[in-house]
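First up is the structure itself, then whatever we jot down about it.
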Amino acid sequence: MKISSMYAEERPREKAVSMGIESLSDAELLSLILGSGNKDENVIMLAQRVLNAHTVHKGLIGLKYLSFHDLLRINGIGRVKACQLMAVSELSRRMAMSERRERVSLSSPSAIADYFMEYCRFLTREKVIVMFLSSSNELIKWQELSEGTVNRSLLSPREIFIEALRCDAVSIILIHNHPSGDPDPSEVDIISTKRIIEAGRYVGIEVLDHIVIGDRSYVSLHEKGMI
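Residue numbering for the sequence shown is -17 to 209, as defined by the working numbering.
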């Protein structure tokens, strides 16, 4: 059935206005983003197929696991709609991080890992995040500084310490994710961290920890006595 053939109160846009956006189902909400269906199905039906597209993760959570090319394989989803869906997923991630940004705690590695867990959870490549700290051990800022391949991040001491000096940091904490979900640090992780610690000594900036984040788990190299 075409959307235009539905009763007005059943159409997603009219329903959102009259009953509130919270009254819409997940498929109806997604239909507002997609805008239109195709000759074989209306936009709500297309939205429902998108929600069922991932082989393991069904529903809204599945959007975070679908890549651009995964979305293009769904009949009725072209480049524009794929970008719209990816934008929804990225906006939700940024909203979650925005709410937490002011509440980051430096009290323990577990508190830091908890803060970044949602940010890192769905990343398909390794990324390096650096927390820059003041002389009073307060967070100046955190910044994503590099992105690696599927299984190796790019840790650049030069890039890290240029930024640390730029913001007058006296110490830093390194964080990076393992897309595999296993947070155990690799030999490369440990060697790279020691190299950064040594470089930090030359410029008077201490590396307090390196936290590796997996799927709902983490490893602190400092806690484990690896650095």
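Even glycine gets a Cβ: it sits at the ideal position worked out from N, Cα and C.
For Met113, the pairing in a beta bridge is given by DSSP as Trp124 and Ile155. By DSSP's assignment, Val185 forms no beta bridge with any residue. About 12 Å separates the beta carbons of His158 and Ile94, which is beyond the 8 Å limit, so they are not a contact pair. The beta carbon of Ser18 lies closer than 8 Å to those of Val25 in the same chain, with the five residues before and after it left out. Annotated as proximal: Leu12 and Val32, with beta-carbon spacing under 8 Å.
DSSP, reduced to helix, strand and coil, places Leu33 within a helical segment of the structure shown.
Within the region 1 to 55, the complete alpha helix (DSSP H) runs of at least 4 residues fall at 8 to 16, 25 to 33 and 50 to 54. Counted as a single uninterrupted DSSP element, the stretch harbouring Ser202 is not any alpha helix (DSSP H) but the beta strand (DSSP E) occupying residues Tyr200 to Ser202. Here the alpha carbon of Arg61 sits roughly 49 Å from the alpha carbon of Tyr184. When the beta-carbon positions are compared, Ile195 and Pro165 come within less than 8 Å of each other. By the CB criterion at 8 Å, Pro139 and Ile173 fall outside the cutoff.
Nearest Cα to Gly207 within the set Leu190, Asp197, Arg198 and Ser199: Leu190.
Just so you know, the alpha carbons of Glu205 and Ile155 end up roughly 13 Å apart. Counting of Cβ neighbours within 10 angstroms places Val201 among the buried residues, the total reaching 16 or more. As computed with DSSP, Ile193 is found in a beta bridge with Ile157 and Ser202.
Rounded to the nearest angstrom, the gap between the Cα atoms of Thr175 and Glu169 is 10 Å. Within the same chain, and ignoring the five residues on either side of Leu42 in sequence, the residues whose Cβ sits closer than 6 Å to its Cβ are Asp8.
By the Cβ test, the region 119 to 130 is not in contact with the region 64 to 73, since fewer than three Cβ pairs between them sit closer than 8 Å.
Here the alpha carbon of His36 sits roughly 45 Å from the alpha carbon of Glu180. In the structure shown, the three-state DSSP call for Glu108 is coil. DSSP places Met68 in the helix class (H, G or I) of the three-state scheme.
When Leu54, Tyr47 and Ile3 are compared, the shortest CA-CA separation from Leu28 is found for Leu54.
Excluding residues up to 5 positions away in sequence, Leu115, Glu188 and Leu190 lie with their Cβ nearer than 6 Å to the Cβ of Ser153 in the same chain.
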